[in-house]
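Heads up, the thing below is written out as structure tokens.
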Amino acid sequence: MKLLHLLNEVLRKIEEWIIAYSIILMAIVLIANVLARNLFNTSLNFAEEVSQFLTIFVTFFGTSYAARRARHIRMSLLYDIFGEKGKKILVLVCSIGTAALMFYLSYLSYRYVNRVAALNRVSPILQLPLYIVWSAVPIGCFLTGIQYALTFIKNLTVKETWLSFESRFEYDEDTPEAGGQGGNQGLEGSDA
Numbered sequence: 044m045k046l047l048h049l050l051n052e053v054l055r056k057i058e059e060w061i062i063a064y065s066i067i068l069m070a071i072v073l074i075a076n077v078l079a080r081n082l083f084n085t086s087l088n089f090a091e092e093v094s095q096f097l098t099i100f101v102t103f104f105g106t107s108y109a110a111r112r113a114r115h116i117r118m119s120l121l122y123d124i125f126g127e128k129g130k131k132i133l134v135l136v137c138s139i140g141t142a143a144l145m146f147y148l149s150y151l152s153y154r155y156v157n158r159v160a161a162l163n164r165v166s167p168i169l170q171l172p173l174y175i176v177w178s179a180v181p182i183g184c185f186l187t188g189i190q191y192a193l194t195f196i197k198n199l200t201v202k203e204t205w206l207s208f209e210s211r212f213e214y215d216e217d218t219p220e221a222g223g224q225g226g227n228q229g230l231e232g233s234d235a
């Protein structure tokens, strides 16, 4: 289990670095483009292309990061209905199913990126080989698959139910189940 924690930590640092610096670079390029347009009446030709490339990186590495932090969209209706054993089984099935799907998508996108590389496609302005940019898709899908596989392993090895390798399922403090108001006070808490 210590090796899994080390793998998780290394992947987390890589994802955070790529996401953070992609967003910073995107902001710099877009601000520079706005300044160039307003001050010099000219646009940076490469700004839109670079922004699109960085958006691809943020999206696909962000998917893995969201899975790691259990910040993805989830429907908890079935989870709420089941008892503890049912919850555990549901999370196990969902995590291994999602991991398998992400590994399959990684494989398909890898094949596509190889095809793009064989065709020597380049971006229109920077003349950057597109397979370099689009390689973020299979890598991001693969990393997301790893996160769901780690979630599956974590749920097999511990008693509690975990939504990700790092996050247990817990209600937010501001929900009725946790004793909070849940943002909806109902008739008894209103002036009606």
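Position in the sequence shown (first residue = 1) + 43 = the numbering used here.
Ideal placement from N, C-alpha and C gives every residue a C-beta, glycine not left out.
Annotation for residue 44: no alpha helix (DSSP H) segment contains it, and DSSP assigns it neither H nor E.
Between the stretch 164–181 and the stretch 71–81, the count of Cβ pairs shorter than 8 Å is below three; the stretches do not touch. Among the bridge pairs identified by DSSP, residue 165 is matched with 172. For residue 97, the enclosing alpha helix (DSSP H) stretches over residues 90–111. Each of 106, 114, 128 and 71 was checked against the Cα of residue 89, and the nearest Cα belongs to 71.
Membership of residue 189 in the alpha helix (DSSP H) is indicated by the continuous run 179–200.
When the beta-carbon positions are compared, residue 161 and residue 104 stay at least 9 Å from each other. Residue 211 is bridged by DSSP to 205.
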